[in-house]
Amino acid sequence: MTVTVRVPAKVNVQLAVGGARPDGFHDLANVFLAVGLYDEVTVTPADSLRVTCSGPDAGQVPLDRTNLAARAAIALAERHGLSPDVHIHIEKDIPVAGGMAGGSADGAGALLACDRLWGTECSQSELLGMCAELGSDVPFSLVGGAALGTGRGEQLTTLEVGGTFHWVFAVAGGGLSTPAVYGEFDRLTAGSEVPAPEASPVLLEALRAGDAALLAGALVNDLQPAALSLRPSLAATLAAGTEAGALAGLVSGSGPTTAFLTKDAEAAESVAAALIASGTCRTARVAQSPATGATVVGA
Ligand code: C5P
């Protein structure tokens, strides 16, 4: 038997970051929106745990036990006294190390797929708890749609979205390390009072109304100065996207992918073409949001 789960990428339409906590994490008000770029995770019984990956960026994906998909299988097996003897294949379409939660998507996908394969029948709240142990963004990959993440981003409140948003994602060459970006945030904010993170009422209203122009004015990422400090070339990508007619642009999560909101699908295509022509990114992808969370597509 084989189980395949499809899992979306995400963009953070608001990433409000508080000061560093004693555990090293940061309190967040993290407004996640799932976008229609997907990885597919397929699990098949095997003699031992093995991870393979295909897709244009497959070479950048670690295949050892640092891969969140492998860790998810091990965690679920341990919990149920099973051996994690499974071949996990990741068909990767989400940009790697790009701030779009590709690794988290694979963790959530593998967890759901192994739960089906092994008949362990975890409840949604058990799955969410295991996702949170795997990483701060993993619970959102499971649920998709739109949600406010508080705590370190793992405590989710579902948000209503009243329409379709059209995005362009400019994929940079090379990744950025999330801990390094948070470390740079700490360096840049050292000595200043970092306010408690709060979700923006205007931004939540823009999502509820499906109003792209309102959302464009409310997009904010507190990690953006840190990502730009570590990767100054992203400023040229942001400028190229807005000059090409995007309503607004921002760094996605900890970057280096940049996200551009456009008024419709046609504008997204022309902004993507202009970004590619600008030479300020490796490639550009169009996608819509919201998108559904981890979903079994084959068993
Ligand atoms: O939770 P996750 O393993 O994805 O986090 C990766 C790293 O990102 C953490 O080790 C930490 O450095 C940083 N992080 C943080 N505050 C958060 C989420 C992540 O500082 N809320």
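Going by UniProt numbering, the sequence shown runs without a break in its numbering and finishes at 299.
C-beta: ideal position from N, C-alpha, C; glycine also.
Note that this is a predicted model, so its numbers are computed, not measured.
Residues bridged to residue i (per DSSP)
i, result
"Ile90", "Val41 and Cys53"
"Gln60", "Gln60 pairs with nothing; no bridge assigned."
"Ala244", "Answer is none; Ala244 lacks a bridge partner."
"Asn12", "Phe32"
"Ala146", "Leu33"
"Asn221", "Leu15"
"Thr4", "Thr42 and Gly298"
"Val251", "Thr258"
"Gln288", "His166"
"Thr157", "Leu148"
Straight-line gap, residue i to residue j (C-alpha atoms, nearest Å)
i, j, result
"Arg6", "Gly18", "32 Å"
"Gly55", "Glu91", "6 Å"
"Ala180", "Asp85", "34 Å"
"Cys281", "Ser200", "30 Å"
"Ser233", "Phe260", "16 Å"
"Thr66", "Arg231", "25 Å"
"Leu159", "Leu207", "8 Å"
"Ala268", "Asp23", "40 Å"
"Pro256", "Ala97", "8 Å"
"Ala235", "Leu228", "7 Å"
"Thr178", "Gly103", "12 Å"
"Thr295", "Tyr38", "11 Å"
"Leu111", "Leu176", "25 Å"
"Ala105", "Ser192", "34 Å"
"Leu215", "Ser48", "47 Å"
"Leu183", "Gly253", "The sequence shown places Gly at residue 183, not Leu. Their backbone Cα atoms lie some 14 Å apart in a straight line."
"Glu121", "Leu128", "13 Å"
Environment of residue i [buried if 16+ CB atoms lie within 10 Å]
i, result
"Gln224", "buried"
"Gly279", "exposed"
"Arg285", "buried"
"Met130", "buried"
"Ala212", "buried"
"Ala108", "buried"
"Gln124", "exposed"
"Ala265", "exposed"
"Gly162", "exposed"
"Thr258", "buried"
"Ala190", "exposed"
"Thr4", "buried"
"Pro139", "buried"
"Glu40", "buried"
"Ser243", "Sequence inspection shows Glu at residue 243; the Ser mentioned does not correspond to that position. Glu243 should be labelled exposed."
"Ala287", "buried"
"Glu154", "buried"
"Asp93", "buried"
"Thr262", "buried"
"Gly173", "exposed"
"Asp64", "exposed"
"Ser136", "buried"
"Val297", "exposed"
Top-ranked residue by Cα proximity to residue i, from the options
i, options, result
"Arg187", "Ala46, Ala209, Gln288 and Ala226", "Ala226"
"Ala72", "Gly293, Leu230, Gly149 and Glu133", "Glu133"
"Gly119", "Pro139, Arg79, Arg152 and Phe140", "Arg79"
"Phe185", "Ala20, Ala9 and Lys10", "Ala20"
"Asp115", "Ala244, Thr42 and Val251", "Thr42"
"Trp167", "Leu204, Asp106 and Gly245", "Gly245"
"Pro62", "Ala75, His89, Gly36 and Leu37", "His89"
"Ala46", "Ala299, Gly175, Thr2 and Glu193", "Thr2"
"Gly144", "Pro290, Gly298, Ala299 and Val297", "Pro290"
"Ala69", "Val11, Ala34 and Leu142", "Leu142"
"Glu126", "Ala58, Ala75, Thr52 and Pro8", "Ala75"
"Val202", "Pro195, Ala196, Val194 and Leu219", "Leu219"
"Pro95", "Thr157, Val297, Thr283 and Leu33", "Thr283"
- Query: Should the segment 264-278 be called in touch with the segment 21-35, which here means at least 3 C-beta pairs below 8 Å?
  - Reply: no
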